[in-house]
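Q: Residue numbers (this note's numbering), protein chains in the order written: chain A, 0 to 476; chain B, 11 to 263.
Here a beta-carbon is modelled for each residue, glycine too, at the ideal position from N, C-alpha and C.
None of these values were measured; they are calculated from a predicted model.
#1: Which class does residue 268(A) belong to by DSSP, given the choice of helix, strand or coil?
#2: Please report the residue range of the beta strand (DSSP E) in which residue 55(A) lies.
#3: Can you grab the Cα-Cα spacing for the pair residue 90(A) / residue 202(A), in whole Å?
#4: Is the beta carbon of residue 302(A) closer than 7 angstroms to that of residue 267(A)?
#5: My output table needs one value for residue 347(A): the three-state DSSP class, helix, strand or coil.
#6: Along chain B, which residues have their Cβ under 7 angstroms away from the Cβ of residue 431(A)?
#7: Which class does residue 261(A) belong to by DSSP, given the choice of helix, strand or coil?
#8: Any C-beta of chain A sitting closer than 7 angstroms to the C-beta of residue 53(B)?
#9: Could you tell me the distance, in whole angstroms, from the CA atom of residue 82(A) to the CA atom of residue 40(A)?
#10: Look at the alpha carbon of residue 132(A) and the alpha carbon of residue 377(A), and state the distance between them as a whole number of angstroms.
#11: How long is the line joining the alpha carbons of residue 211(A) and residue 246(A), rounded to whole angstroms?
#12: Keeping to the same chain, check which residues put their C-beta closer than 6 angstroms to that of residue 238(B); ignore five residues upstream and five downstream.
#13: Are any of the Cβ atoms in chain B nearer than 7 angstroms to that of residue 446(A)?
#14: Taking the alpha-carbon of residue 360(A) as reference, which of 370(A), 334(A), 381(A), 50(A) has the nearest alpha-carbon?
#15: By a C-beta neighbour count over all protein chains shown, 10 Å radius and 16 as the cutoff for buried, is residue 50(A) buried or exposed?
#16: Alpha carbon to alpha carbon, how far is residue 448(A) from residue 463(A)?
#17: Taking contact to mean at least 3 C-beta pairs separated by less than 8 angstroms, is the segment 92-101 of chain B in contact with the segment 178-197 of chain B?
#18: Starting from residue 151(A), trace the alpha helix (DSSP H) in both directions and tell me its first and last residue.
#19: Residues of chain A with a CB under 8 angstroms from the CB of residue 26(B): which are they?
#20: According to DSSP, simplified to helix, strand and coil, what is residue 253(B)?
#21: Mind pulling the chain A residues with CB within less than 7 angstroms of residue 170(B)?
#22: Mind checking who residue 252(A) pairs with in its DSSP beta bridge?
#23: Interface residues of chain B around residue 434(A) at Cβ under 7 angstroms?
#24: Short check: CB of residue 207(B) to CB of residue 36(B), under 7 angstroms?
#25: Checking contacts by CB at 7 angstroms: is residue 29(B) closer than that to chain A?
#26: Examine chain B for any beta-carbon lying closer than 7 angstroms to the beta-carbon of residue 443(A), and answer yes or no.
#27: Comparing the C-beta of residue 5(A) with each C-beta of chain B, is any distance below 7 angstroms?
#28: Measuring alpha carbon to alpha carbon, tell me which of 79(A), 73(A), 352(A) ends up nearest residue 295(A).
#29: To the nearest angstrom, how far is it from the Cα of residue 160(A) to the Cα of residue 232(A)?
#30: So, at 6 angstroms on beta carbons, what are the nonlocal neighbours of residue 130(B) in its own chain, with the 5 sequence-adjacent residues on each side left out?
#31: Three or more beta-carbon pairs under 8 angstroms between the segment 161-173 of chain B and the segment 27-36 of chain B, yes or no?
#32: Taking the alpha carbon of residue 175(B) as the reference point, which residue from 190(B), 160(B), 205(B) has its own alpha carbon closest?
#33: I need the straight-line Cα distance from residue 282(A) to residue 142(A), nearest angstrom please.
#34: State the DSSP-derived secondary structure class of residue 144(B), mapped to helix, strand or coil.
#35: Any beta carbon of chain A sitting closer than 7 angstroms to that of residue 61(B)?
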């Protein structure tokens, strides 16, 4: 009899299906002409094209980073299609105009573009492949001066804001994947919350990759002006595919003086089959810059992707600014994750908190990599890091790579770490009390992740808990 | 109620239980005693279905139904409860949540409706009295940071809430001071009923001063070598196990 963990891990990806929609694609490969074509298809102003080309030329001189603790076959960047958009005749004004097949896909995923969600008070800007197909609640937000739209729309409607903030946190030259994204990104979300405005609802975007062989290059820019407050949710699932899909998103957060940005992610890209074939490569650059008294909080639940390379970070530029990173990363099957955060303390009295929970099951390999850097002027900077790993079964791995660089003597940096193992004994204990294996594991794992889940908006937390249960199905042996 | 016939069980290549026969009727309390390594705890774990042990021969039935064929959770649902010698810690899961999940899992398996948190709280408050605890303990994570005595008390609390038909107490007395021992014993005694049975696994006679057994069995080398009434426990206390095993017992460190 296989161990209960084993049987849990061996479930099929629940959301693996492909929607048959004709995609408007361009040929495989990458060169300046492709970038010009992308920019032209999107009808972008000259400054965007110039920016893309500059990024591309910089990218050509860069090399793919190989320091993460992950392994994968070489990526042929000429083998991807860099743009795909669902074919539509004209810009859409309402959901009724959306291709019903798209809506069906969303329904299967339980993605709430529907009234239920609207009743729940969530404005959804859904992204299907790379182009936004619908937005809601725009009017109400508009009355408060809040801009929440697709990135393409922002380029047309608010070019001055895009020009001012795009690349201000993650510069073109930042890293290989960010440069690639800057050159070819197709769409994403844009948020601007004006001075002193508190966004009355969680803003949320659901991503879903669909067209075959389409690299996904989302670009998100969130700007909270002085004293503004906004909570943003990002969640995604992807359909089953046989070839690895490259995903290199960039998210930039700008929190001006006294502003707060909470960014929550539940990530469930397709992780590949049991042998790890066909999963998503998720190479993401996420970073925020906090001005004086501002606060940026990242919360992530990472359960999907074949490979995750992701370090949501905060540059604590202003005095008294606050950075937070709460993370749950789950690997199962052959998944590999190298994820963590960077907290760069520049201002005085800056504070950061890092709580990382890594769960490894099956043959998964999970690495936490975190940098806490206190620069010379950051007097009284404080950091607290807690980094816990949980192992399920004995074929998985967990690693911790903490980097601490303190250049100011008044700073205080704390790091705590633990590793535990879900043993047969823990599961047996729960089973002896009448719980089945799945419920036992889900309970144990959710208990382990509690500190992170409590940072998620309620509704998202419930989803995350369920997702965790599904992700670990068949993981106990 | 419980019928064990010719039970043999191994851990890996080592045979630990070498032919156990035991009948436990409703309303009875049986004590299983024996020296260290005699297989007492293994018997308890095998009855609960611990995956580390393989049953190689024999049968175990509960109310005439084959117990060995059931998953551990199905045995629990059938009314078997094991108070663990080493209760497990579960970080981040409150006692209240854990107990309610267990309680409702049992109810569900019996086709009963699940109890909502409020009604469950009422039940809990009443049971807490049995072990002399206030409600604050329920917000602590399951056994996390509990002292040895608290863990054992928590086992008794779980038993009181889940109301098993067959309770198996595996060395519940080990590591308890006399006050804790009394609390645990009071809890167990309060749950004795004509339609329930209890198996108390213990090394020492001490616990049996508080939980008076109807029968005492001595397990040596995976076999029951002697059975008797409660006076057998006193005899063992006086003479030690040596007269039954022929081997001098090592003094506990």
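A: Short version:
#1: Three-state result, residue 268(A): coil.
#2: For residue 55(A), there is no enclosing beta strand (DSSP E); the residue is part of the alpha helix (DSSP H) that begins and ends at 45-59.
#3: Because residue 90(A) carries a pLDDT of 44, less than 50, the predicted location of this residue cannot be relied on, and the following value inherits that uncertainty. Rounded to the nearest whole angstrom, the C-alpha separation of residue 90(A) and residue 202(A) is 22 angstroms.
#4: The beta carbons of residue 267(A) and residue 302(A) sit closer together than 7 angstroms.
#5: Residue state for residue 347(A) is assigned as coil, using DSSP reduced to three classes.
#6: Those are 58, 82, 86, 92, listed as they occur along chain B.
#7: In the three-state reduction of the DSSP assignment, residue 261(A) falls in the strand class, which pools E and B.
#8: No, residue 53(B) lies away from the interface with chain A (no Cβ there is under 7 angstroms from its Cβ).
#9: Between residue 82(A) and residue 40(A), the alpha-carbon positions lie close to 10 angstroms from each other.
#10: Because the pLDDT of residue 132(A) is 38, which lies under 50, any placement of that residue in the model is unreliable, and the question is left without a value.
#11: Legend: pLDDT at residue 211(A) = 42, less than 50; position of this residue unreliable, value from coordinates given subsequently. Distance between the alpha carbons of residue 211(A) and residue 246(A) is about 13 angstroms.
#12: Correct list, in chain order: 226.
#13: In terms of beta-carbon proximity, residue 446(A) lines the interface with chain B, with at least one pair separated by less than 7 angstroms.
#14: Each of 370(A), 334(A), 381(A), 50(A) was checked against the Cα of residue 360(A), and the nearest Cα belongs to 334(A).
#15: The Cβ neighbour count for residue 50(A), taken over all protein chains shown within 10 Å, is at least 16; the residue is labelled buried.
#16: The alpha-carbon of residue 448(A) is positioned some 10 angstroms away from that of residue 463(A).
#17: The segment 92-101 of chain B is in contact with the segment 178-197 of chain B.
#18: From DSSP, the alpha helix (DSSP H) with residue 151(A) extends over 150-156.
#19: Ordered by position in chain A, no residue passes the 8 angstroms Cβ test against residue 26(B), which lies about 17 angstroms from the chain.
#20: Note: residue 253(B) maps to helix in three-state DSSP.
#21: By Cβ distance, chain A contributes nothing, its closest Cβ being about 13 angstroms from residue 170(B), past 7 angstroms.
#22: Beta-bridge pairing links residue 252(A) to 221(A), 287(A).
#23: The contacting residues are 83, 111, 112, 115.
#24: Using a Cβ distance threshold of 7 angstroms, residue 207(B) and residue 36(B) count as a contacting pair.
#25: For residue 29(B), the nearest beta carbon of chain A is not closer than 7 angstroms to its own beta carbon.
#26: Yes, because at least one Cβ of chain B sits closer than 7 angstroms to the Cβ of residue 443(A).
#27: Note that residue 5(A) scores 43 on pLDDT, short of 50, meaning its location in the model is unreliable; the coordinates nonetheless yield the value given after this. Against chain B, the CB of residue 5(A) has no partner CB under 7 angstroms away; the residue lies outside that interface.
#28: Minimum Cα distance to residue 295(A) is reached at 352(A).
#29: Distance between the alpha carbons of residue 160(A) and residue 232(A) is about 22 angstroms.
#30: The answer, listed in chain order, is 110.
#31: Short answer: they don't touch.
#32: Closest option to residue 175(B), Cα to Cα, is 205(B).
#33: Spanning the two alpha carbons is a distance of roughly 36 angstroms.
#34: Coil, per DSSP.
#35: Judged by the 7 angstroms Cβ criterion, residue 61(B) is in contact with chain A.
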